[in-house]
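K.L.:
Residue numbers (the numbering used here), protein chains in the order written: chain A, 1 to 695; chain B, 1 to 695.
C-beta: ideal position from N, C-alpha, C; glycine also.
Number of protein chains: 2
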Amino acid sequence: DVAKDVDESLIEKFMSEVDNIQIQENLRSLTKVPHMATTAGDEETVQIMLKRWQDPETGLDKAWREEYWVYLSFPDKNNPNTVTVVSPTNTVLHTIREKEKPYTPDQSDPEVVQPYAAYSPAGHVKGKLVYANQGKPSDYSELNKTVDLRGTIAITKYGGAGRSAKAINAAPYGVVGVLVYTDPLDMNDGLMSDANETYPHSWYMPPSGVERGSYNIDFGDLLTPHLAAKEETYRINATDITGIPPIPTQPIGFEDAYRLICELGGEPAPDAWQGGFNCTYNFGGPGFKPTSSFTNSDVKLDIYNYEEVKPSSNVMGFIRGSVEPDRYVIYGNHRDSWVHGAIDPSSGTSVMLEITRVLGKMVKQGTWRPRRSIIFGSWGAEEFGLIGSAEYTEQYFAALSERSVAYINVDIAVFGKKLHTAPVKAPGHEKSVYDNWLQYTNKTSPTHGLIPRMGYLTGAGSDYAPFSHYLGITSMDMSYTYDKTKTNARIYPAYHTAYDTFDYASKYIDPGFVGHQAVARTAGNVLIRLADSLILPLNCADYAESLEEYLSTALNLYEQKLKTMNISMEPLKHAVTSFRAAVSNLEKVIQSPDLANETPLKVRWINDQLMLLDRAFLDPLAFPDKYGFRHVIWASSSAGKQTFPGLADAYANAESSGQASDWDKVHYHLSVLSQAILGAASTLTDDMQTQTWRK
Amino acid sequence: DVAKDVDESLIEKFMSEVDNIQIQENLRSLTKVPHMATTAGDEETVQIMLKRWQDPETGLDKAWREEYWVYLSFPDKNNPNTVTVVSPTNTVLHTIREKEKPYTPDQSDPEVVQPYAAYSPAGHVKGKLVYANQGKPSDYSELNKTVDLRGTIAITKYGGAGRSAKAINAAPYGVVGVLVYTDPLDMNDGLMSDANETYPHSWYMPPSGVERGSYNIDFGDLLTPHLAAKEETYRINATDITGIPPIPTQPIGFEDAYRLICELGGEPAPDAWQGGFNCTYNFGGPGFKPTSSFTNSDVKLDIYNYEEVKPSSNVMGFIRGSVEPDRYVIYGNHRDSWVHGAIDPSSGTSVMLEITRVLGKMVKQGTWRPRRSIIFGSWGAEEFGLIGSAEYTEQYFAALSERSVAYINVDIAVFGKKLHTAPVKAPGHEKSVYDNWLQYTNKTSPTHGLIPRMGYLTGAGSDYAPFSHYLGITSMDMSYTYDKTKTNARIYPAYHTAYDTFDYASKYIDPGFVGHQAVARTAGNVLIRLADSLILPLNCADYAESLEEYLSTALNLYEQKLKTMNISMEPLKHAVTSFRAAVSNLEKVIQSPDLANETPLKVRWINDQLMLLDRAFLDPLAFPDKYGFRHVIWASSSAGKQTFPGLADAYANAESSGQASDWDKVHYHLSVLSQAILGAASTLTDDMQTQTWRK
Ligand SMILES: [Ca+2]
Ligand SMILES: [Ca+2]
Ligand SMILES: [Zn+2]
Ligand SMILES: [Zn+2]
Ligand SMILES: [Zn+2]
Ligand SMILES: [Zn+2]
């Protein structure tokens, strides 16, 4: 039936069938073994996904595997990376722990990968140790005032700068190697002892825990920019890759970092650099203090990482739409983890499998078929830089651009529970999560803002990035999280460590899996509404409001100064005003009672306008230095302002350099923005004529 | 009625109402005065268009003006450009004619612009004259073997290389100025005398005729790449413009070129360089031969061109579609001319006005409204580089991408009649032009190929370029032309001269305007079918055949050598095979008798696939050196091979340089192509799965 709208009773049925124990069992099976991308454990999860999605009772219409040949970086099993303190006579005084300390059998699995910095070059370097705070450009420039950094090894803590940036920022000063650790103050609220404070006694990171990670800036396979990494695809030379560490880099646990930092000599570092250790963090002499047993010793990094092009699989699932098969709602999560990956990503995969079980059963029983097609993606090699999802968007760029209604990402489904004081009632209570979400975060709701507003997807933290930034597909990234006023932990503390296991998840993140259940209900709810609603539930008035907020911030921050540079912000104001006017007209059509009598083609037309709105903001040439970022509103920005990213970055750059050519770039970005916003407004009219264009 | 197909009786009615005398009178009114872009004459034509399209009896639903502030180049009325022969003692021995010789009052209009090379820099240069054939790179390198070119003025003939290329190629050899003329052999079948051979006695170019032109390579406003040239849009510095002459350049008539070339000294130029003059074309001593009265004299160019940013108007017209208002069929032509522009472009505008008169009357009388919306564009400043159409596509990039079904361009409607032996019967005879066209040029017709095949729109000769190359909108450029086996004229000889007048058109190009009428009927026919057909009349099987032909050529030319370079063409073969398979499946659906019973949404889905097929071949990064070219199949190519342009150019480049990095680019373009073709194939399926992807 072409005029059928979403069926609320079906949503009720879906909600009631979503089962917490099923999710728990999904998680148990997905986390049996470590499943780092392209390992045997990864293949086991491929088989789990295929089996589930091809199940004759609860599977999808079809499911298949898509392979890409991708450039990965691994430590050498036979030659583990080592970090040592060596005396002037080459005696090894201290060796950093090679692997995390076992508390359950999980950590003893031989397939647990040694902590390492993926894409750090191999190499053997030694030098005096210095402490460089978070490895930001300002940190090294500060440190360099006191210490000659040439030939030194820098120890930095996570946070403040991207993983690879800590090494990229260091190299110009002559630093020859970089260590990275997690400071207990940033993650553990200062707690350090595994005797009673950290996991296995709590959710906190044990002293030997190490956050692994991909040390690169750009997303997607690094050898095949813009091209799907098929076996015979053209590959750039590895030496032409940018955004990875130029010098050997290794992450270590805080028990070792404690030994190193508290022995450092030199001046005390600034207050803002101090951390959770019970000692003063010094800059380093460079090197250790005279009273230390390490005095005059070097720190030595022996890194044996190697790179390899290996086949990595996405697992794809498909439910064909009944009325508009050529419209796709896409739901995805990565499948690969660094170790067992119970929370990251298997909590999300467990949720996805529960959603597909409930929906698949309805499809197989013939009781439901969505209006629009649904594509499920279980992406490979996300941990190495969103590779599976990025390659997928490169391969199917045209069809995805034409047809995708939205992309829903659920990676880490539940970040925490222990510290969570739920302001949103769980399903089964008074109101559904979705209703709460609608009530409090929908911008047109009168109670909007009563709970924290939704953020914008401006970064590239998970697989939504290629969909949102590269393809301009309206995207959502969903999770339950803990109350961030109650802890300093910037993420759940076992993140990317060998402790992110079923044991940890079921004891400290979500006992009983009711948080997972709530996420499954909420995400599935959104998915069904996107797939079944007659008019797409995408609120373009929210878009206008966001642009108005960005504009208002931009005017406050920039207008006065730009006037003195003879750069007018009037075109941007006109663009936002026109966008609002176009949105209001479309909203009137959508809210008109006549809509019920409209033809299927009129409904399709309205939906096409909503679906393609984000696409109108793409400019493939707007950010030549930011790989994969084409969306002029939601692109990442380093200026740290809640406004148009290209404008903010260009302005910050011009302000710091003062060069006329940099002010030209500000003007250029203003024009790019104005044109994109007016162009988007013109897609909301039938003849492309908007208020401002007419002038 | 959503299921209504094109009405053949309506097409009959349209055909019968298209009137040759109306077209003649349109042309008379459009060519009263010279109407170079942004002049008063141009504004008169704006008013004509607006009046006609806003006419209450025969106008469109709406019509309006769109202005852009564009960078133009003009000669100085008060300081005409001069070219002189000056003796060593600075006596002027000869002065090139400033303006064309008048034969009708048209040429005496003070608004006739002096012949000039738009975008040539102003400047004063003199030097010994040399003859450089067509100004190709190979011409200068040949000439340079015999003559030291430093400080010389080169005289070149039109053809072989783009206008500005003649100067760009010259400058590296130290040439300081360039003259350009039309050789009578290339245009006039050797005829030179205005006593009885050339216009006003025939269609041939008189001795003083000069082809004006825009001497630039890139299309669109040169100061606002990728951005619509609105008043406050960011503009690059004029000094950063590329593709324009680096040295003063001026076009002259062949009567003056004859004086100069036949007096040249030095060695005789190669046979291939000889032309229509009754003398031997020498290289030049450099300079004139000892027996010439010009001996030892220099040629001096005093160029006073200036550049100015001026508002130029497009005139837009709109007929709202009844069933699918959000689908656009676009029909356009430029309005500006170099002088009176009777053929270029007013023949096309006269045809467009007759089409809109007949269609507008039906709309106003309520007897017809197209299924899809129709946009008419009367573009400004085309002669300076497709500026009006290019700015329009930049401004409305998003909406046009989403909604455009096709673009029809009719610029020069009739190139000639005198020498035309019509293989296609005129309308009113046995068969319509359209039926003939269908019968003989549609690739799936058994009689395909009996008349010359249609060409591909690979260049940027008129306003189709931004639609086809930048936006990937399926485009057509239509005209009646003369039998090219009967004359060497590469275009009608009055092209871009002051003789392209109503008098010339009505006497020598199309007496009685029946050629124009045939074009109006044909183009209107295509327009109505695109606007009204239930299933879009776009043949994707033709696309597959074109790709197969390109592939076959590419395999013949490149495969053997590429194998030795370890570059496989298998992915390209697979891509083309998959494309064919996807096309065959879609064709089956389209040809199925079930289609009549299908839902409007199913029909829309099929049409969306056809409409968006060309869009799938866009890659905004494929041709970084070719401004505005994004279509990987139809982009321009300099390699001169009937195959994939990026591949052909990359191969030619690699073959000539032999560098490994250039062979890498061949491999890169093969991947770009394979991905685009497979991506396009995936848009012809419901789940993006094609044969080859599955492997
Ligand atoms: Ca890639
Ligand atoms: Ca422009
Ligand atoms: Zn993740
Ligand atoms: Zn992760
Ligand atoms: Zn023209
Ligand atoms: Zn022209």
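1) Could you tell me the distance, in whole angstroms, from the CA atom of B/H420 to the CA atom of B/T367?
2) Residue range of the beta strand (DSSP E) that A/A63 falls in?
3) Between the C-alpha atoms of B/V92 and B/S462, what's the straight-line distance to the nearest angstrom?
4) Say yes only if the C-beta of A/G220 is nearer than 6 Å to one or more non-hydrogen atoms of ligand 1, and no if none qualify.
5) For ligand 6, any of its heavy atoms closer than 6 Å to the Cβ of B/E391?
6) Please confirm whether B/R475 and B/S468 have their CB atoms less than 7 Å apart.
7) Measuring alpha carbon to alpha carbon, tell me which residue in B/V323, B/S568, B/D106 is nearest B/P600.
8) Assign B/I677 to one of two classes, buried (16 or more other C-beta atoms within 10 Å of its C-beta) or exposed (fewer than that).
9) I'd like to know whether the C-beta atoms of B/V315 and B/R28 end up nearer to each other than 7 Å.
10) Less than 6 Å between the CB of A/E383 and some heavy atom of ligand 4, yes or no?
11) Smallest Cα separation from B/T458: which of B/L386, B/I241, B/A635?
12) Per DSSP, what kind of secondary structure is B/H667 in: helix, strand or coil?
13) Who are the near neighbours of A/P620 in its chain, counting only those whose CB is closer than 8 Å to its CB and skipping five residues on each side?
14) What are the residues that DSSP puts in a beta bridge with A/V414?
15) According to DSSP, is A/F294 helix, strand or coil?
16) What's the C-alpha gap between A/T564 and A/W663?
17) Taking contact to mean 3 or more Cβ pairs, one atom from each stretch, closer than 8 Å, check whether the stretch 218-238 of chain B and the stretch 382-390 of chain B are in contact.
18) Between the alpha carbons of B/I509 and B/F415, how many angstroms are there, rounded?
19) Would you mind telling me which residues of chain A sit closer than 9 Å to B/R615, beta carbon to beta carbon, in chain order?
20) If you follow the beta strand (DSSP E) that B/A753 is part of, which residue opens it and which one closes it?
21) Pick helix, strand or coil for A/Q395, following the three-state DSSP scheme.
22) Quick check: what's the CA-CA separation for B/A399 versus A/A228?
23) Per the contact definition of three or more C-beta pairs closer than 8 Å, is the stretch 31-49 of chain A in contact with the stretch 284-291 of chain A?
24) Beta carbon of A/T242: closer than 6 Å to some heavy atom of ligand 1?
25) Within the chosen definition, does the stretch 509-525 of chain A reach the stretch 349-356 of chain A through at least 3 CB pairs nearer than 8 Å?
26) Apart from the five residues just before and just after B/K361, which ones in its own chain have a Cβ nearer than 7 Å to its Cβ?
27) How would you call B/A3, buried or exposed, if buried means at least 16 neighbouring beta carbons within 10 angstroms?
28) Compute the Euclidean distance between the alpha carbons of A/P571 and A/S671, then round it to the nearest angstrom.
29) Please name the residue, chosen from A/L551, A/V113, A/S578, that lies closest to A/H340 on a Cα-to-Cα basis.
30) I need the straight-line Cα distance from A/E12 to A/S337, nearest angstrom please.
31) Measure the alpha-carbon distance for A/K62 versus A/Q54 and round it to whole angstroms.
32) Exposed or buried, what is A/Q24 when buried is set at 16 or more other beta-carbons lying within 10 Å of its beta-carbon?
33) Going by DSSP in three states, B/E211 sits in which element: helix, strand or coil?
34) How far does the beta strand (DSSP E) with B/E308 in it extend, from its first residue to its last?
35) Return the residue from the list A/K310, A/M49, A/D139, A/A381 that minimises the CA-CA distance to A/A269.
36) So is B/Y627 in contact with chain A if we call contact Cβ pairs under 7 Å?
P.N.:
Taking the definition as stated:
1) In the second sequence, counting from the first residue as 1, residue 420 of chain B sits at position 420. In the second sequence, counting from the first residue as 1, residue 367 of chain B sits at position 367. Residue confidence is low: B/H420 scores 40 on pLDDT, short of 50, so the model does not pin down where it sits. No coordinate-derived value is stated.
2) For this step, residue 63 of chain A is matched to residue 63 along the first sequence. 62-74 is the extent of the beta strand (DSSP E) around A/A63.
3) In the second sequence, residue 92 of chain B corresponds to position 92, counting from 1. In the second sequence, residue 462 of chain B corresponds to position 462, counting from 1. Their backbone Cα atoms lie some 40 Å apart in a straight line.
4) As a working mapping, residue 220 of chain A is identified with position 220 in the first sequence. At least one heavy atom of ligand 1 is nearer than 6 Å to the Cβ of A/G220, so yes.
5) Against the second sequence, residue 391 of chain B aligns to sequence position 391. Not under cutoff, so the answer is no.
6) The residue labelled residue 475 of chain B in the question sits at position 475 within the second sequence. The residue labelled residue 468 of chain B in the question sits at position 468 within the second sequence. According to the sequence provided, residue 475 of chain B is Ser. The question's Arg does not apply to it. Against a cut-off of 7 Å, the Cβ pair of B/S468 and B/S475 comes out as a contact.
7) To locate residue 600 of chain B, count along the second sequence from 1; it is residue 600. The residue with the shortest Cα to Cα distance from B/P600 is B/V323.
8) As a working note, residue 677 of chain B is residue 677 in the second sequence. Flag for B/I677 reads buried.
9) Counted from its first residue, the second sequence places residue 315 of chain B at position 315. Counted from its first residue, the second sequence places residue 28 of chain B at position 28. No, the pair does not count as a contact, with Cβ atoms beyond the cut-off.
10) Residue numbering aside, residue 383 of chain A sits at position 383 when the first sequence is read from its first letter. Flag set: Cβ of A/E383 near ligand 4.
11) As a first step, residue 458 of chain B is located in the second sequence; it is residue number 458 there, counting from the start. Comparing Cα positions, the closest option is B/A635.
12) Taking the first residue of the second sequence as position 1, residue 667 of chain B is located at position 667. Three-state result, B/H667: helix.
13) The residue labelled residue 620 of chain A in the question sits at position 620 within the first sequence. Result list for A/P620: R630, in chain order.
14) In the first sequence, residue 414 of chain A corresponds to position 414, counting from 1. In DSSP, A/V414 forms a bridge with A/Y480.
15) The residue labelled residue 294 of chain A in the question sits at position 294 within the first sequence. A/F294 falls in the coil class under three-state DSSP.
16) Position 564 of the first sequence holds residue 564 of chain A. Position 663 of the first sequence holds residue 663 of chain A. When rounded, the distance between both Cα atoms is 11 Å.
17) Output reads yes: the stretch 382-390 of chain B touches the stretch 218-238 of chain B.
18) Translated into the one-based positions of the second sequence, residue 509 of chain B becomes position 509. Translated into the one-based positions of the second sequence, residue 415 of chain B becomes position 415. Taking the straight line joining both Cα atoms gives about 7 Å.
19) Counting from one through the second sequence, the residue named residue 615 of chain B turns up at place 615. Within chain A, the residues near B/R615 are A398, S401, E402.
20) Residue 753 of chain B lies beyond the range of chain B shown here (1 to 695); nothing can be said about it.
21) Numbered from its first residue, the first sequence carries residue 395 of chain A at position 395. A/Q395: helix per DSSP, three-state reduction.
22) The residue labelled residue 399 of chain B in the question sits at position 399 within the second sequence. The residue labelled residue 228 of chain A in the question sits at position 228 within the first sequence. Straight-line Cα distance between these residues: approximately 28 Å.
23) Contact between the stretch 284-291 of chain A and the stretch 31-49 of chain A is absent: fewer than 3 CB-CB pairs across the two stretches fall below 8 Å.
24) By 1-based counting over the first sequence, the position of residue 242 of chain A is 242. It does not: the Cβ of A/T242 is nowhere closer than 6 Å to a heavy atom of ligand 1.
25) Contact annotation: the stretch 509-525 of chain A touches the stretch 349-356 of chain A, with at least three C-beta pairs closer than 8 Å.
26) Along the second sequence, one-based indexing puts residue 361 of chain B at 361. Once the five neighbours on either side are set aside, the close Cβ partners of B/K361 are E57, T58.
27) The count along the second sequence starts at 1 and reaches residue 3 of chain B at position 3. Counting C-beta atoms within 10 angstroms of its own C-beta, B/A3 has fewer than 16 neighbours from the protein chains shown and is therefore classed as exposed.
28) Looking up residue 571 of chain A in the first sequence gives position 571. Looking up residue 671 of chain A in the first sequence gives position 671. The alpha-carbon atoms of A/P571 and A/S671 are separated by roughly 8 Å.
29) Numbered from 1 along the first sequence, position 340 holds the residue referred to as residue 340 of chain A. The option with the nearest alpha carbon to A/H340 is A/V113.
30) As a first step, residue 12 of chain A is located in the first sequence; it is residue number 12 there, counting from the start. As a first step, residue 337 of chain A is located in the first sequence; it is residue number 337 there, counting from the start. A/E12 and A/S337: Cα-Cα distance of roughly 33 Å.
31) Residue mapping note: residue 62 of chain A aligns to position 62 of the first sequence, counting from 1. Residue mapping note: residue 54 of chain A aligns to position 54 of the first sequence, counting from 1. Rounded to the nearest angstrom, the two C-alpha atoms are 6 Å apart.
32) Indexing the first sequence from 1 puts residue 24 of chain A at position 24. Buried, since its Cβ has 16 or more Cβ neighbours within 10 Å.
33) Stepping through the second sequence from its first residue, residue 211 of chain B is reached at position 211. If DSSP states are grouped into helix, strand and coil, B/E211 belongs with coil.
34) To locate residue 308 of chain B, count along the second sequence from 1; it is residue 308. It spans 306-319 - the beta strand (DSSP E) in which B/E308 sits, taken as one unbroken run.
35) If you number the first sequence from 1, residue 269 of chain A lands on position 269. Ranking the options by Cα distance to A/A269, first place goes to A/D139.
36) Along the second sequence, read from residue 1 onward, the residue named residue 627 of chain B stands at position 627. No, no contact with chain A.
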